[in-house]
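Per our numbering, the sequence shown starts with residue 250, numbered consecutively. Report on one structure; see the data block that follows.
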Amino acid sequence: MTDTLTIQQDLQKRALRALAGGVSSNTRLLNPHLIVERGAGSRLFDVDGREYIDYLLGQGPNFLGYAPPRVVEKVAAAQRDGIIFAATHRREVEAAERVLSVLPWAETLRFGSSSSEMVQAALRIARQVTGRTHILRFHGHYHGWFDNIQILTGDGVAGVGSLGQVPEALQQVITIPWNDVAAFEQAMLDHGDQIAGVIMEPMMLNAGAIEPRAGYLEKVRDSCTKSGTVLIFDETISGFRLGLGGAAGRYGIFPDLAVYGKAMAAGWPCAALVGKRDLFAEVVTGRLTHAGTFNGNVIAAAAVLASLDELESGEVYSGVEIVGTQLIEGLRGLTRKYELPIRIQGVPMAFHMRFDDSEAEITDYEQMLALDPTRYGEFAEQLIKHGVWVAYRGIWYVSGAHSPADVEETLERIEPVFARASRN
Ligand SMILES: Cc1ncc(COP(=O)(O)O)c(C=O)c1O
Numbered sequence: 250m251t252d253t254l255t256i257q258q259d260l261q262k263r264a265l266r267a268l269a270g271g272v273s274s275n276t277r278l279l280n281p282h283l284i285v286e287r288g289a290g291s292r293l294f295d296v297d298g299r300e301y302i303d304y305l306l307g308q309g310p311n312f313l314g315y316a317p318p319r320v321v322e323k324v325a326a327a328q329r330d331g332i333i334f335a336a337t338h339r340r341e342v343e344a345a346e347r348v349l350s351v352l353p354w355a356e357t358l359r360f361g362s363s364s365s366e367m368v369q370a371a372l373r374i375a376r377q378v379t380g381r382t383h384i385l386r387f388h389g390h391y392h393g394w395f396d397n398i399q400i401l402t403g404d405g406v407a408g409v410g411s412l413g414q415v416p417e418a419l420q421q422v423i424t425i426p427w428n429d430v431a432a433f434e435q436a437m438l439d440h441g442d443q444i445a446g447v448i449m450e451p452m453m454l455n456a457g458a459i460e461p462r463a464g465y466l467e468k469v470r471d472s473c474t475k476s477g478t479v480l481i482f483d484e485t486i487s488g489f490r491l492g493l494g495g496a497a498g499r500y501g502i503f504p505d506l507a508v509y510g511k512a513m514a515a516g517w518p519c520a521a522l523v524g525k526r527d528l529f530a531e532v533v534t535g536r537l538t539h540a541g542t543f544n545g546n547v548i549a550a551a552a553v554l555a556s557l558d559e560l561e562s563g564e565v566y567s568g569v570e571i572v573g574t575q576l577i578e579g580l581r582g583l584t585r586k587y588e589l590p591i592r593i594q595g596v597p598m599a600f601h602m603r604f605d606d607s608e609a610e611i612t613d614y615e616q617m618l619a620l621d622p623t624r625y626g627e628f629a630e631q632l633i634k635h636g637v638w639v640a641y642r643g644i645w646y647v648s649g650a651h652s653p654a655d656v657e658e659t660l661e662r663i664e665p666v667f668a669r670a671s672r673n
């Protein structure tokens, strides 16, 4: 039978045997088992040679597109010097300095390999510096898959996010609606003396693409300052994507600690916890543990440096702004033409698409939960079949490698999907 299988089908079968569920991360269980051969610029190619224009970008990191040639060259050259030394190396120092130079509110940092880990370091620091125990977090925000932070929200109640998770690990986590000043003030009133840290995505990108309401971040910042609570921005998606300064720079509100990853290293695995120097005092003494064999390795540091070389020129951001706007307008045009209840919300670098009979802007997670994701899921499947690679959850990412011609081609490829959806 094997000889009648395509390369894709054969590899899918083998993947299902060799990799649990055929994948290495549960978020990939949601997408069909596409087996990728390679990516180049804005395009992804599967093992059968099919080509896709990609707006998922590996869940965001490939902000410069796939295999950006100058970054590849610099990382390849760097790794010839060895990768990990159990000691600080020159590129690591330089990469830290470069990151700090574009985040003027921040004073020092630690590198790690994933944002899940860096969030753990942030929570630990917040608890140590305040001597308090609780963490305030928000419905719909994602901060990694570890026991003490992963939640699942249903009917406004946060529960454990995974089988096998220790429910007690969430006892010191308070979850409230985001973008809601009254809910925040109430939580601070009720639990303020216990709350060590407030952690949030400063633009909510894991559930929709929702910007903070005017004045919301200011309110939270002000309250944290007054109560001595550590404000942590999880900028894993927004960092280096919304601009060099991430969401903090875009909205002009600065946290005490922030987590970066994804776009910071253009797809190479690297994350960072960045913040005020005094907060790291016990990390420096070694009494507060932050560790990791691969932290700050040569490949990661070289990728950060090479990415910043590209990003600091500013052309990437202006290009993404133009192309992202063109794409949003084109998609809205198709939506109008075929009279579909599709709404698009967000910013040119990251926007969200949904089927929604209401035209009202979505401002919180409760409204997101009220939507039926099935129709968009089926629509996304059709987009993929027509050669446009997108996430089932509705988020679209644009990279510096996408061109106006890519957008035109995208719209041409997917117009039949809109036409078909309007007939159904
Ligand atoms: C806001 C946010 N925080 C943390 C994480 C976890 O990052 P990682 O997958 O690098 O552990 C993610 C991943 O998507 C994220 O979006």
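Each residue gets a CB set at the ideal place from its N, CA and C atoms; glycine is no exception.
- In this structure, E460 has its beta carbon at no less than 7 Å from each heavy atom of ligand 1.
- Fully contained in the stretch 281-352 are the following beta strand (DSSP E) runs of length 3 or more, in chain order: 285-289, 292-295 and 300-303.
- The beta carbons of I425 and A436 sit closer together than 8 Å.
- A Cβ-Cβ distance of about 6 Å is found for the pair R340 and A327, placing them in contact under the 8 Å criterion.
- Uninterrupted beta strand (DSSP E) stretches at least 3 residues long and entirely within the stretch 536-622 occur at 591-596 and 599-604, given in chain order.
- Judged by beta-carbon spacing, Q414 lies beyond the 8 Å limit of I384, meaning their Cβ atoms are not closer than that value.
- Residue state for M513 is assigned as helix, using DSSP reduced to three classes.
- With a beta-carbon spacing of about 19 Å, T584 and I302 fall beyond the 8 Å limit used to define contacts.
- DSSP places H440 within a helical segment (H, G or I) once states are collapsed to three.
- Note on D605: 16 or more other CB atoms within 10 angstroms of its CB, so buried under the neighbour-count rule.
- Just measuring C-alpha positions, the residue of E450, C473, R266 and P518 sitting nearest G495 is E450.
- Look at A375: its beta carbon is at least 7 Å from all of the heavy atoms in ligand 1.
- Check the Cα spacing between E300 and each of L283, T255 and N311: the tightest is with L283.
- A residue is called buried when at least 16 other Cβ atoms come within 10 angstroms of its Cβ; V637 meets this threshold and is buried.
- G271 sits close to Q261, with the two beta carbons spaced by under 8 Å.
- Between V596 and A458, the C-beta gap is smaller than 8 Å, which places the two residues in contact.
- In this structure, F667 sits away from Y566, with a CB-CB distance that is not shorter than 8 Å.
- Secondary structure remark: continuous beta strand (DSSP E) runs of at least 3 residues inside the stretch 395-436, in chain order: 400-403, 406-409 and 422-425.
- Proximity of the stretch 397-414 to the stretch 334-353 falls short of the contact definition, fewer than three beta-carbon pairs being nearer than 8 Å.
- I256 counts as exposed, since fewer than 16 other beta carbons sit within 10 angstroms of its beta carbon.
- Taking S562 as reference, the option from G649, I591 and Y391 with the minimal CA-CA separation is G649.
- Setting aside the 5 residues that flank it on each side, Q369 is surrounded in the same chain by F395, each with a C-beta closer than 7 Å to its C-beta; the list follows chain order.
- Proximity of the beta carbon of V569 to ligand 1 is not indicated: no heavy atom of the ligand is located closer than 7 Å.
- Counting of Cβ neighbours within 10 angstroms places T253 among the exposed residues, the total staying below 16.
- For the pair M453 and G501, the CB atoms are not nearer than the 8 Å cut-off.
- When the alpha-carbon of G298 is set against those of R329, V523, V351 and R287, the nearest one is in R287.
- When secondary structure is reduced to three states using DSSP, F529 falls in the helix class.
- In terms of Cα proximity to D621, the closest of G643, R319 and S364 is G643.
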